[in-house]
Each structure stands twice: as C-alpha cells, then as structure tokens.
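The opening position of the sequence shown corresponds to residue 654 in my numbering, with each subsequent residue numbered one higher.
A short write-up of the structure that comes next.
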Amino acid sequence: MQYAPIREEDGAIVILDQTKLPREMAFRRLRTLQDAAEAIRRMEVRGAPLIGATAAFGVALGLAEGKPLAECLRTLAATRPTAVNLHWALTRMENAVSGLAPEAARAAAWAQARAIAEEDRRANAVIARHGLEILLRQARGLGRPLSIMTHCNAGWLATVAHGTALAPIYAAHAKGVQVHVWVSETRPRCQGLLTAWELAQSQVPHTLIADNAAGLLMMQGRVDLVLVGADRIAANGDVANKIGTYLKALAAAAHGVPFYVAAPTSTIDFSCAHGRAIPIEERGAEEFGNMQTPVLNPAFDVTPARLITGFITEQGVFPPDRLAEIPR
Ligand code: MRU
C-alpha cells in the first residue's frame, strides 16, 4: 500500500507528516508560504524530490496570499541547503511566473507546481523499470532472495510517488522476484524506520540493521547490491546523500558489491563541478537527544564518483563518466 505524501485539496496542500511516522499517520494541511517553508525545515516533508515539489506548491500558496514572488523564492530557498531539487523547482517556478500580472501569475504557479509533481511521479515510474532490469540481472541464477542494502529513505515517502531507490525494489517484488532489503537505521534521525515502515506496507521482506553493521554484512557476502537515493549529483558524478552513504560505498567497493544511485535528473546539478562544491547541511544537536556534550551533526556526506557503479535515472542507466550525455 502506498499513500500520497503530498496532494492538492481546495487551494491548500495536504502532506503526510513524516515526523510522526512510523508511530502515527497524520496528514497536515499547508495553507501559506510559511506553512510550506516550515514543513520543509522541520522535515515533515523530506527527501529531495518531495522537498522540490513542496517548494513549488509553496510558491503557489505564497502568491495566492499576495506575497511577492521574490519573497516566496527567498523564503523557500533558505529552508534546506543540500537537496538541489529545491533550487531546481524554484527556478522553474520563477521562470513560469516572472513578468506575469498577479492573476495570471497565480494560475501559472499552480499549473507549474502540478507539472513538477506530475513529472516526478512519471520519472520515478521509469526509474522503477530501469532499476528492475538491473535487479533481474543480479537475481538471475542466485537460487535465493536477492539481497539489497539501502540507506535513509528513498521510497515513495521521499517523492511525489513511487520513490527512487525503493521504486525498482517494489517493481521486483510485484513481479514475484524474491528480494530482501537490509535497511540501515540512519542515525541520528532514523529515516531507516520510515523505509522499514514503507516496505512493511507492501510486504517486502526486510531487516533493520544498525548503520555500523553494513561493513560486516558486506564482508560476509550477505549483500548483492547497494541501492540509495541522492540529494545532489555533481557534474562529475560525486553524490551528496544522507550521512553514512559514503561509508557504505567504501565498504561496497572493498567487497566488490555494486553500488547504484537512483535519482531523477532533477537531482543532477550540472552547474556544480564536483562534490566539494556541494553545501552540506548541518543540523542541530537536539537530533542526538538531550546530550550535555558538544555535537557535530552534518546531515549529508559526499560519495566520490569512482565508488559508484551506475546512476539509475528516468533517462536510462549511466556510469558516472557518462553523466554529461544526459539531456538537460
Ligand atoms: O534529510 P533527508 O531525510 O531529507 O535526506 C533524504 C536523503 O538523503 C535521500 O536519500 C534523498 O533525498 C533521496 S530521496 C528520494
């Protein structure tokens, strides 16, 4: 069972509040620019594609309130720094609305936000198909379930629909391919619990592990493939994703385990030459609980292109050195 993590209703936006999951399924109505910005900042919506779609609808809500376009763009751009889908969506909104009279601008903003959301849904459905081919190839002749490791949550919760890294896994499961997913907890915010919850909704076999267990499982030959999402892909193929992704990529390379990144092309930042130029969000110490000790909390890390087997996008599957071939 998959739900809509974002939908439009009577001139407002209804989101599934991910800060309440997996304990409670609570939907929340966003009516204003500030509502949308706060929902992104507090991570009630999270995951790069969903952040982008929420920001797009946030512009539409802001213009409907009579806020100037520049204020809408500035407010939303300041919410979270790493996921490039946010800035990609805001640029699209700016291009669609700039120079229009107020009424036409409001209509154009809703139309563009809907288009952005619909494109994400479609892109992820295609990612599911391309990724499925890779999973089928890996599963051939195994004689046991295909064992996939993922990190953070790159499922339907993190997108408008289907998910990115989890989309091929759902497609494989639906096709009757036997899969098992190692779900790493993803400290400190534990987005792995969202992944475990999602997979349970669709009866996909999975096991939660501590982040630090990943290396051991790969060493023991219990992982056939690693499949993660991305927050920003630099032009050279370096990937910013949830903190802990890099360590998994290192372990995968050490043990000859293929390491794939699934993402729509809206996550590729061709203006960013390499991973060192990607801004890394630092979040508050409270995410570690009430610790009376200094805390450093970078939310993302950068996996160098050389550790990545391939990118699964809606335009096809690309090794890092062929990213430039993707049409922009
Ligand atoms: O801080 P989050 O939970 O927004 O981080 C999410 C991730 O790192 C995901 O892997 C990424 O956004 C891809 S989601 C399809």
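For each residue, glycine too, the CB sits at the ideal point set by N, CA and C.
These numbers were taken from a predicted model, which means no experiment stands behind them.
Distance, residue j Cα to residue i Cα
{"i": "residue 785", "j": "residue 875", "result": "20 Å"}
{"i": "residue 886", "j": "residue 665", "result": "31 Å"}
{"i": "residue 825", "j": "residue 781", "result": "9 Å"}
{"i": "residue 908", "j": "residue 969", "result": "26 Å"}
{"i": "residue 736", "j": "residue 843", "result": "18 Å"}
{"i": "residue 771", "j": "residue 946", "result": "45 Å"}
{"i": "residue 750", "j": "residue 769", "result": "14 Å"}
{"i": "residue 805", "j": "residue 895", "result": "6 Å"}
{"i": "residue 733", "j": "residue 796", "result": "44 Å"}
{"i": "residue 699", "j": "residue 934", "result": "13 Å"}
{"i": "residue 701", "j": "residue 883", "result": "7 Å"}
{"i": "residue 756", "j": "residue 942", "result": "47 Å"}
{"i": "residue 661", "j": "residue 685", "result": "13 Å"}
{"i": "residue 906", "j": "residue 657", "result": "36 Å"}
{"i": "residue 828", "j": "residue 788", "result": "11 Å"}
{"i": "residue 767", "j": "residue 822", "result": "27 Å"}
{"i": "residue 975", "j": "residue 922", "result": "14 Å"}
{"i": "residue 696", "j": "residue 937", "result": "13 Å"}
{"i": "residue 740", "j": "residue 861", "result": "33 Å"}
{"i": "residue 754", "j": "residue 738", "result": "27 Å"}
{"i": "residue 808", "j": "residue 752", "result": "37 Å"}
{"i": "residue 812", "j": "residue 659", "result": "9 Å"}
{"i": "residue 877", "j": "residue 819", "result": "15 Å"}
{"i": "residue 726", "j": "residue 765", "result": "14 Å"}
{"i": "residue 931", "j": "residue 925", "result": "7 Å"}
{"i": "residue 973", "j": "residue 919", "result": "16 Å"}
{"i": "residue 810", "j": "residue 854", "result": "12 Å"}
{"i": "residue 687", "j": "residue 759", "result": "17 Å"}
{"i": "residue 940", "j": "residue 799", "result": "34 Å"}
{"i": "residue 858", "j": "residue 841", "result": "24 Å"}
{"i": "residue 654", "j": "residue 776", "result": "20 Å"}
{"i": "residue 917", "j": "residue 967", "result": "6 Å"}
{"i": "residue 910", "j": "residue 977", "result": "25 Å"}
{"i": "residue 913", "j": "residue 671", "result": "25 Å"}
Near the ligand MRU: residue i beta-carbon under 7 Å from a heavy atom
{"i": "residue 805", "result": "yes"}
{"i": "residue 687", "result": "no"}
{"i": "residue 950", "result": "no"}
{"i": "residue 672", "result": "no"}
{"i": "residue 901", "result": "no"}
{"i": "residue 884", "result": "yes"}
{"i": "residue 881", "result": "yes"}
{"i": "residue 696", "result": "yes"}
{"i": "residue 701", "result": "yes"}
{"i": "residue 655", "result": "no"}
{"i": "residue 817", "result": "yes"}
{"i": "residue 765", "result": "no"}
{"i": "residue 732", "result": "no"}
{"i": "residue 736", "result": "yes"}
{"i": "residue 812", "result": "yes"}
{"i": "residue 895", "result": "yes"}
{"i": "residue 854", "result": "no"}
{"i": "residue 945", "result": "no"}
{"i": "residue 844", "result": "yes"}
Nearest-angstrom Cβ-Cβ length linking residue i and residue j, presumed shorter than 8 Å
{"i": "residue 706", "j": "residue 773", "result": "6 Å"}
{"i": "residue 836", "j": "residue 852", "result": "7 Å"}
{"i": "residue 716", "j": "residue 762", "result": "5 Å"}
{"i": "residue 803", "j": "residue 832", "result": "11 Å between Cβ atoms; not a contact."}
{"i": "residue 801", "j": "residue 880", "result": "5 Å"}
{"i": "residue 708", "j": "residue 742", "result": "5 Å"}
{"i": "residue 961", "j": "residue 902", "result": "7 Å"}
{"i": "residue 817", "j": "residue 915", "result": "4 Å"}
{"i": "residue 683", "j": "residue 729", "result": "Incorrect: roughly 12 Å between the Cβ atoms, too far for contact."}
{"i": "residue 689", "j": "residue 711", "result": "3 Å"}
Residue-chain proximity (residue i, chain C), Cβ-Cβ < 8 Å
{"i": "residue 801", "result": "As a matter of chain content, chain C is missing from the structure shown, which is built from one protein chain."}
Segment contact, 8 Å Cβ cut-off, at least three pairs: the region 790-802 with the region 737-753: no
The region 947-964 touching the region 885-899, judged by at least three CB pairs closer than 8 Å: yes
Cβ pair count under 8 Å reaching 3, the region 867-882 against the region 841-848: no
Unbroken stretches of the alpha helix (DSSP H), 4 residues or longer, contained in the region 818-897: 819-827, 844-854 and 867-872
Residue ranges of each beta strand (DSSP E) within the region 890-951, 3 or longer: 892-895 and 912-915
At least three beta-carbon pairs within less than 8 Å, the region 712-731 to the region 671-679: no
Alpha helix (DSSP H) runs contained entirely in the region 763-829, provided each spans 4 or more residues: 819-827
Contained beta strand (DSSP E) runs [length at least 3] in the region 654-692, N- to C-terminal order: 659-662, 665-669 and 680-683
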